[in-house]
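K.L.:
Sharing a structure below in structure tokens format, with a few things to ask.
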Amino acid sequence: MSASQDVVPEQQPKRAKNAFLLFADSLRGTQRLSHGEGLIGKAKLVVENQALGAMWRSLSASEKVPFEERAAKLTMDYRRDAKTFRASGVAKQKRGETNRRKRR
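Taking numbering that gives the first Met the number 0, the leading residue of the sequence shown gets 0, the next gets one more, and so forth.
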């Protein structure tokens, strides 16, 4: 993180997941993906994610609907929470800056 980037307060809502990520989470949670056996670390994740992408692309539009509906609901919730968070007056501070006077 560079000195010019904002520090994210803990109360700030996290961005909502999209339909594909919800689909991937549902598969990761219920079944063991056999793709990438014998691999470790990032290599295994890359192979598994490629397989999940292929599975997602092979789904029909009607099979994607539950994930897309849930993603839309999560997005609306996120927008509502983000609006409330911004209105609450929680100020962002730049990293390295405090309420004290800056040193010159």
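Cβ atoms here follow ideal geometry from the backbone N, Cα and C, with glycine treated the same way.
Hey, could you find the ends of the alpha helix (DSSP H) K82 is sitting in?
P.N.:
Start and end: 60-86.
K.L.:
According to DSSP, simplified to helix, strand and coil, what is R14?
P.N.:
Here R14 sits in coil by DSSP.
K.L.:
Excluding sequence positions up to five away, which residues of its chain have a Cβ less than 8 Å from the Cβ of R14?
P.N.:
Y77, listed in sequence order.
K.L.:
Mapping the DSSP letters down to three states, classify E47 as helix, strand or coil.
P.N.:
Note: E47 maps to helix in three-state DSSP.
K.L.:
What distance in whole Å lies between the Cβ atoms of K16 and L58, which are believed to be in contact at a cut-off of 8 Å?
P.N.:
Contact doesn't hold; Cβ gap of about 17 Å is too wide.
K.L.:
Near A18, which residues of its chain fall below 7 Å by C-beta distance, leaving aside the five closest residues on each side in sequence?
P.N.:
Excluding positions up to five away in sequence, the list reads K63, F66, E67, A70.
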